[in-house]
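Data block below; observations after.
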Amino acid sequence: MVHHAIFGSLGRMIAILLEHHGGMLPFWLSPDQIAVAPISKDQVGYGADVLAAFEDAGIRAVAYDGTDTLSRRIVAAHEMAVPVMAIVGGREMRDGRVSLRERDGSQADVPLAEAVSRLQARAQPCAPVAKAL
508 MVHHAIFGSL GRMIAILLEH HGGMLPFWLS PDQIAVAPIS KDQVGYGADV LAAFEDAGIR
568 AVAYDGTDTL SRRIVAAHEM AVPVMAIVGG REMRDGRVSL RERDGSQADV PLAEAVSRLQ
628 ARAQPCAPVA KAL
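If you want the numbering used here, it's the position in the sequence shown, counting the first as 1, plus 507.
Take a look at the structure:
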């Protein structure tokens, strides 16, 4: 008979972690790390390109491009505890940029490549450790 106590311990640890953080996990541990929301239907294509850029970089991204208003989609992402929202509108589409909105409310308007590199660095749980000589 194989004893499965390790699975119970793992489940309790995840429950403690979720309770401690109020369901708001760190960026690297979140199931959905970034939500991409186009402002209107005109930007849905650019939103799909932004989503693909994040996914190609290994970032877990999800599209919030439903028929709801932008504010409703932001609230929905906040309720789902998504750490970062990427808002794309006409100006962002024209300039190849993305507006990042953090969970704490801070915002930054950056080029798409810079947003991908910033978030890709945050997706790693810890930096690689250099070997001692």
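From the three backbone atoms N, C-alpha and C, an ideal C-beta is built for every residue, glycine too.
A buried status is given to P545, since no fewer than 16 other beta-carbon atoms sit within 10 Å of its beta-carbon.
Short of 6 Å from the beta carbon of M600, and not among the five residues preceding or following it, lie these beta carbons of its own chain, in chain order: Q550, Y553. 8 Å or more divides the Cβ of R625 from the Cβ of W535. For the beta strand (DSSP E) assignment, the uninterrupted runs of no fewer than 3 residues enclosed by the stretch 588-636 are, from N- to C-terminal side, 591-595, 604-609, 614-618. In the DSSP assignment, I566 falls outside any alpha helix (DSSP H), carrying neither H nor E. A check of alpha carbon separations from Q631 across V595, V617, I566 identifies I566 as the nearest. The criterion of a C-beta distance shorter than 8 Å is satisfied by A560 and L619. If you look at I541, you'll find it in the beta strand (DSSP E) that goes 541-545.
Excluding five sequence positions before and after G515, none of the CB atoms of its chain fall closer than 6 Å to its own CB. Closest in C-alpha terms to I594, from the list A584, H585, S606, A588, comes S606.
The beta-carbon separation of M531 and A588, rounded to 5 Å, stays under the 8 Å limit for a contact. Here S578 carries a helix assignment [DSSP, helix/strand/coil]. Looking from the CA of T574, the closest CA among P590, G597, A568, S547 belongs to S547.
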